[in-house]
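To start, the structure itself, in structure tokens.
2 protein chains.
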Amino acid sequence: MKEIIIIGHKTPDTDAIVTSLIFARFLQKIKKPIIGFLNFKIRVASPSPLNKETKFVLKYFKQKAPPIIKSLSDKNVFLVDHGDYEQAAPGIKKANIVGVLDHHKLGGLKTVSPIFYRAEPIGSSSTILAKMFLENNLSLKKKEAGLLLSAILSDTLKLTSPTTTTEDKKIVQFLAKISKENINKLAKKMFEVKSDITGISPDKLVATDYKEFKAGRTDFAIGVWETTSPQKIFQIKKDIFSALAKLKKKRKADFLFFALIDILEKNSTLFILGEKEKGLAEKIFKKKTKENLIFLPGVVSRKKQILPPLLKFLEKK
Amino acid sequence: MKEIIIIGHKTPDTDAIVTSLIFARFLQKIKKPIIGFLNFKIRVASPSPLNKETKFVLKYFKQKAPPIIKSLSDKNVFLVDHGDYEQAAPGIKKANIVGVLDHHKLGGLKTVSPIFYRAEPIGSSSTILAKMFLENNLSLKKKEAGLLLSAILSDTLKLTSPTTTTEDKKIVQFLAKISKENINKLAKKMFEVKSDITGISPDKLVATDYKEFKAGRTDFAIGVWETTSPQKIFQIKKDIFSALAKLKKKRKADFLFFALIDILEKNSTLFILGEKEKGLAEKIFKKKTKENLIFLPGVVSRKKQILPPLLKFLEKK
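Dropping the structure here:
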């Protein structure tokens, strides 16, 4: 029997993990060959260990974490919460992609046969998935709704990120009802866990929500850290810079940005690692670097506010 | 106000044109910013003149044809029935792609921002669009249902192509009811028009349903001609080969296949233009060339039966 692995992006966040887990439920419930396979075995996996927030969410809803898979080579894979080779788990270029469920930019994926692809420019992959349950008249259990709700609150910073749409807001209300969760309380707990850096080394901190991109022949990366207590990170600013320099070297990135996102105040501080980063960031954001930092009021989304102007600039070069 | 152009692939077929026209209606009816724009002007266009079958279908349902657009450069575009740069109208690389509605392979499209993408491995783009009306509880007018029905019957060769799924069959029944059309009669008329080569020069015939592809650095093309009377084409076999040679040279293709598809008998005859085509086709289909032709019983779909084995072979090289 054919096996399909449902998997999110590298260094997965709550949306990537929850969407993988609940999409597997969706496939079991729908009983239609939506991805071109009638009889297939579904397996959920993660490319790497989960972050603190995701571990908390799974524990809170009594959900087992997906196992980690080392390589996708020669596997049938369904990608969630990403749509490019750079974010995908190792071995993706030798995998057979059977489907994608995403809310990011199109990243140049190629297949030899027609596949299932569903992406929308909205707050989270989990919102799209919840919509798919509704469209197909499939019911959601209390626990499933709770997991999807957590993922949307996480990805949209409690519906405040500029990626948030009216659809996310509607779906959040719908899921809150089914899961009987209080949106504010749930988000508060998640953000507290997310902001707790106890036991996280600077090396781990900068690599936790780290994404690699490609524009022409330029390989670059953008890491972010979302927190309600940015001051804790500023206290170890020096160590963060050392960790970033190490990471940039290790991953052989042409340049690397790190944005410290203040969830409550809705702003970012960009860590400027070197001359290349400085030149780029000052041109794109029209701001001056001060003490190797650039303050960006209102900027809280890598996907919608940091990556697009950067890609546009690199394409014009 | 922002303007979005909805457009199908080059040398459009009935599915590409109908999906463009009816998707514009969908956007007017849904009143939700599904592609990230709230206030936008919708314009439907075609990259080139319509084929005989499409002209017949539009006339039959009293629908105006979309105007032809020369370049997509600097425009906001929503692509239907294709998902790669090779099939898209000129200027696509300088256009802003805001969405895709398709049922082909993923072709490596890239964007800088998140977009709407919906593709399913099913019979036609019009089936997906009909599903979207159902999912969103939007009603279809008699004429709209008739147009979608024609497009699905055209793309699935009256539900007999291997691309056909149970969903296409269900949607066809649903659309036949609303449009009050007889499926067999409508398909018969369309296939008669499609098979009528009166006034079509061999040059035009081979270029009517012609698609270009890219695998690594190899540029190639596959043209097909679907007909209920293949004998009419065999009678002008020599002229077809001359036209193919001219086309290959003009489009600078590394190789070019032309498949004459017999809709009633469910088979294809592959026209083998030169040594490169011969070597490739014999390896892939494990058949010998006879009088520059390879007979392929059961093969009626470029998308599902000709292109995938070819791409797989070229990728391994």
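In order, the protein sequences belong to chains A and B.
Reading the first sequence from the start, the letters are residues 1185 to 1501 in the numbering used here.
Reading the second sequence from the start, the letters are residues 1185 to 1501 in the numbering used here.
For each residue, glycine too, the CB sits at the ideal point set by N, CA and C.
Exercise. Any residues in the segment 1233-1245 of chain B with a beta carbon nearer than 8 Å to a beta carbon of chain A? Which ones, in chain order?
Worked result: Of all residues in the segment 1233-1245 of chain B, none is placed with a Cβ closer than 8 Å to any Cβ belonging to chain A.
Exercise. Roughly how many whole angstroms lie between the Cα atoms of L1332/B and D1265/B?
Worked result: 13 Å
Exercise. For K1474/B, which beta-bridge partners are listed by DSSP?
Worked result: L1477/B
For this session: Sort out for me which residues DSSP pairs R1401/A with in a bridge.
Result: None, per the DSSP bridge assignment.
Exercise. Among L1341/B, V1408/B, R1435/B, which residue has its Cα nearest to the Cα of I1424/B?
Worked result: V1408/B
For this session: Name the two residues that bound the continuous beta strand (DSSP E) containing R1486/B.
Result: From DSSP, R1486/B is part of no beta strand (DSSP E); its letter is neither H nor E.
For this session: Could you give the DSSP three-state label for S1338/B: helix, strand or coil?
Result: When secondary structure is reduced to three states using DSSP, S1338/B falls in the helix class.
Problem set entry | Contact set for A1360/A: own chain, Cβ-Cβ below 7 Å, skip 5 residues either direction | L1333, I1367
Problem set entry | Where N1280/B falls: helix, strand or coil (DSSP) | N1280/B falls in the strand class under three-state DSSP.
For this session: Select from R1302/A, E1187/A, F1317/A the residue whose C-alpha is nearest the C-alpha of V1132/A.
Result: Only positions 1185 to 1501 of chain A appear in this structure, which leaves residue 1132/A out of reach.
Problem set entry | Whole-angstrom C-beta distance between G1275/B and S1297/B, which should lie under 8 Å | Incorrect: roughly 19 Å between the Cβ atoms, too far for contact.
Exercise. What three-state label does DSSP hand T1295/A in the structure shown?
Worked result: DSSP places T1295/A in the strand class (E or B) of the three-state scheme.
Exercise. At which residues does the alpha helix (DSSP H) containing D1387/B begin and terminate?
Worked result: Element bounds for D1387/B: 1386-1392.
Problem set entry | Nearest-angstrom Cβ-Cβ length linking S1308/B and H1287/B, presumed shorter than 8 Å | In this structure S1308/B is in contact with H1287/B, their Cβ atoms being roughly 6 Å apart against a cut-off of 8 Å.
Problem set entry | Residue-chain proximity (A1303/B, chain A), Cβ-Cβ < 8 Å | Yes, contact with chain A.
Problem set entry | Cβ-Cβ separation, V1377/B to K1248/B (assumed contact under 8 Å), whole Å | V1377/B and K1248/B do not touch by the CB rule: their CB atoms are close to 19 Å apart, not below 8 Å.
Problem set entry | Inside the segment 1432-1475 of chain B only - beta strand (DSSP E) runs reaching at least 3 residues | 1439-1446, 1451-1455
Problem set entry | Exposure label - I1252/B; buried when at least 16 CB within 10 Å | exposed
For this session: Starting from the C-beta of T1195/A, find all residues in its chain whose C-beta is less than 7 Å away, skip the five residues before and the five after it, and write them out in chain order.
Result: S1232, A1391, T1392, D1393, Y1394, listed in sequence order.
Exercise. Thinking just about the alpha-carbon of each residue, which of I1420/B, L1211/B, V1241/B is nearest to the one in D1387/B?
Worked result: I1420/B
For this session: To the nearest angstrom, report how far apart E1319/A and A1329/A are at their CA atoms.
Result: 15 Å
Exercise. Looking at the unbroken alpha helix (DSSP H) that takes in L1263/B, where does it start and where does it end?
Worked result: Segment 1260-1264 is the beta strand (DSSP E) holding L1263/B; no alpha helix (DSSP H) there.
For this session: Label S1204/B either buried or exposed according to how many other C-beta atoms from any shown protein chain fall within 10 Å of its C-beta, with 16 as the threshold for buried.
Result: buried
Exercise. Whose C-beta lies closer than 6 Å to the C-beta of A1371/B among residues of the same chain, with five residues either side of it excluded?
Worked result: L1337, K1342
Problem set entry | Residues near L1428/A by beta carbon distance below 7 Å, same chain, minus five either side | V1390, L1440, F1442, F1455, L1457
Problem set entry | Neighbour-count burial assignment, N1321/A, 16 or more Cβ in a 10 Å radius | By the neighbour-count criterion, in which a residue is buried when 16 or more other Cβ atoms sit within 10 angstroms of its Cβ, N1321/A is exposed.
Exercise. Are Y1269/A and L1293/A touching if we call contact CB-CB under 8 Å?
Worked result: For the 8 Å CB-CB criterion, Y1269/A and L1293/A form a contact.
Exercise. Chain B partners of H1287/A, CB-CB under 9 Å?
Worked result: P1298
Problem set entry | Residue range of the unbroken alpha helix (DSSP H) whose run includes E1376/B | 1367-1379
Problem set entry | C-alpha distance - K1472/A paired with E1466/A, whole-angstrom precision | The straight-line gap from Cα to Cα measures roughly 6 Å.
For this session: Using a Cβ cut-off of 8 Å, pull out every chain A residue sitting near I1218/B, in sequence order please.
Result: Neighbours of I1218/B on chain A, chain order: E1304.
For this session: State the start and end residues of the unbroken alpha helix (DSSP H) segment that holds A1303/B.
Result: Premise fails: A1303/B lies in the beta strand (DSSP E), 1300-1303, not in any alpha helix (DSSP H).
Exercise. So which residues on chain A does K1496/B lean against when the C-beta distance must stay under 8 Å?
Worked result: Per Cβ cutoff of 8 Å: V1296.
Exercise. Name the chain B residues that come within less than 8 Å of G1292/A, Cβ to Cβ?
Worked result: G1292, L1293, K1294
Exercise. Since T1412/A and F1375/A are thought to touch, with beta carbons under 8 Å apart, how far apart are those beta carbons, to the nearest angstrom?
Worked result: 5 Å
For this session: Establish whether the CB of P1231/A and some CB of chain B are separated by less than 8 Å.
Result: no
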